[in-house]
Amino acid sequence: MIKVTFRKDADDSIRKVIVEGHASYGDDGEDIVCSGISILTISILNGLEEIVGIEGILREVKAGYTSFWLPRVEDFVKNVQMTALMDTFELGVRATESAYGDYITVKDEIGGELDD
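Using this note's numbering, you'd call the opening residue of the sequence shown number 291 and step up by one each time.
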């Protein structure tokens with residue numbers, strides 16, 4: 291099962307995301323749940339860095355595990371764009387959970403500072 295954790299700050303903004311596990315929905319290369327979450331995760335990181343221009347995203351990527359921590363962004367426009375992308379990412383992940391709840395679980399936690 292894939293487990294996605296959104297760590298949010300006191301303002302309910304996503305600060306850290308942890309994606310771990312495997313869906314086991316289908317064979318390698320045919321697992322649409324795992325592929326979907328992987329594509330969403332890669333796309334959000336690419337969008338934040340390449341489109342919005344967010345620098346300093348800390349990440350850890352290994353087999354069956356990806357986490358990333360979002361830095362504080364002082365630039366108002368970049369912060370709005372980052373929030374919009376992260377909210378869209380969360381919607382996509384939660385929609386996947388709604389459709390494939392036997393293979394993915396999503397939870398929220400309070401916290402998300404660098405050392406959490």
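Backbone N, C-alpha and C define an ideal beta-carbon position, used for all residues, glycine too.
Query	Result
Please list the segments of the beta strand (DSSP E) lying wholly inside the stretch 313-384, counting only runs of 3 or more residues, in order along the chain.	348-352 and 355-359
Which partner residues of Glu-310 appear in the DSSP bridge assignment?	Lys-293 and Tyr-355
Is Ala-385 close to chain B? Criterion is C-beta to C-beta, closer than 8 Å.	You won't find chain B in this structure, because it holds only one protein chain.
Leaving aside the five residues before and after Met-372 along the sequence, list all residues of the same chain whose C-beta is less than 8 Å from its C-beta, in chain order.	Leu-338, Val-342, Ile-344, Leu-360 and Val-363
For Gly-326, is the classification buried or exposed, using 16 other Cβ atoms within 10 angstroms of its Cβ as the cut-off for buried?	buried
What's the gap between the Cα of Ser-357 and the Cα of Gly-401?	14 Å
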